[in-house]
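Q:
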Amino acid sequence: MSIRWKIAQAAEIRWWQGYLAKKQAADYLNWKQNYWSNFLQDLQTDFPLQLHGPILDAGAGPAGIFCLLQEDAAITAVDPLFNQYEAKLPHFQRNDYPNTEFINQTLEEFVRPKQFSSIFCLNAINHVQNWERCLQNLIDSLAPGGQLILSTDVHRHPWLYPIFKALPGDILHPQQHQLQHYLQALQAFSPSRLEHKRLKREAIFDYVVFFFQK
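For the sequence shown, position 58 (counting from the first letter as 1) is numbered 44 according to the working numbering, and the numbering increases by one without interruption.
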């Protein structure tokens, strides 16, 4: 376990505590459900999402897409910080989500072969320690014909990328990659369909979603 990843995980909890400190739990969760609903509507204009089969929310955080999808389907959610979220954040209580199975585990450790028709890994893959292992586990956990919807920041500028990769310029995100790195990594799994869509452009990063079909 790398020192950089340990620092990132500790910083993640502190970030959530600061971010949610002045937000009422009910108001925040209502806002988050609306956010995820709009996110899915945006994706469905480009990608044929499967939302009714077994679904995994990978690297879910305290208010992942499980908080919306669990109303209509059984969900599995995995995150190595669930225990800390529940202990330190009033905004996350497992009992509020009876249709969600919560697993306190890293994505490097979690795999359920050929189980899920859809896997969402949203804003999480750049938080992990070993992204190749995580991608392998996610693809292995997809059922035949299953879909991986993966969103992350990707570097826009080739000259900034090696600086961020070498130095902790972005402490919450141990993984620093460019668009072509994600496309190459996903293409190596021989998908039947692989597409991507830019959702937002900022000074240093583009926010991109990848649609992978097994």
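The beta-carbon is built from N, C-alpha and C at its ideal position, and this holds for glycine as well.
I'd like the span of the beta strand (DSSP E) that includes A129, first residue to last.
A: L128 to H141 is the span of the beta strand (DSSP E), which, as asked, contains A129.
Q: Any idea what DSSP makes of L37, helix, strand or coil?
A: Coil.
Q: Under 8 Å by Cβ, that's how I've got W195 and Y168 pegged, so tell me the actual separation to the nearest angstrom.
A: Before going on, a small fix: residue 195 reads as Val here, not Trp. The pair is not a contact, with the Cβ atoms about 11 Å apart (cut-off 8 Å).
Q: When you compare only the Cα positions, how much space is there between Q164 and W2?
A: Spanning the two alpha carbons is a distance of roughly 26 Å.
Q: Return the CA-CA distance between K200 and S103, expressed in angstroms with no decimal places.
A: If you take the alpha carbons of K200 and S103, they lie about 10 Å apart.
Q: Using the Cα positions of N81 and N20, report the straight-line distance between them to the nearest angstrom.
A: Taking the straight line from one Cα to the other gives about 21 Å.
Q: Count Cβ pairs between the region 102 to 119 and the region 38 to 56 that sit closer than 8 Å; are there 3 or more?
A: Yes, the region 102 to 119 touches the region 38 to 56.
Q: Does the count of Cβ pairs from the region 90 to 99 and the region 26 to 36 closer than 8 Å reach three?
A: Verdict: no, contact absent.
Q: Report the rounded CA-to-CA distance for T138 versus Y83, giving the unit in angstroms.
A: Distance between the alpha carbons of T138 and Y83 is about 25 Å.
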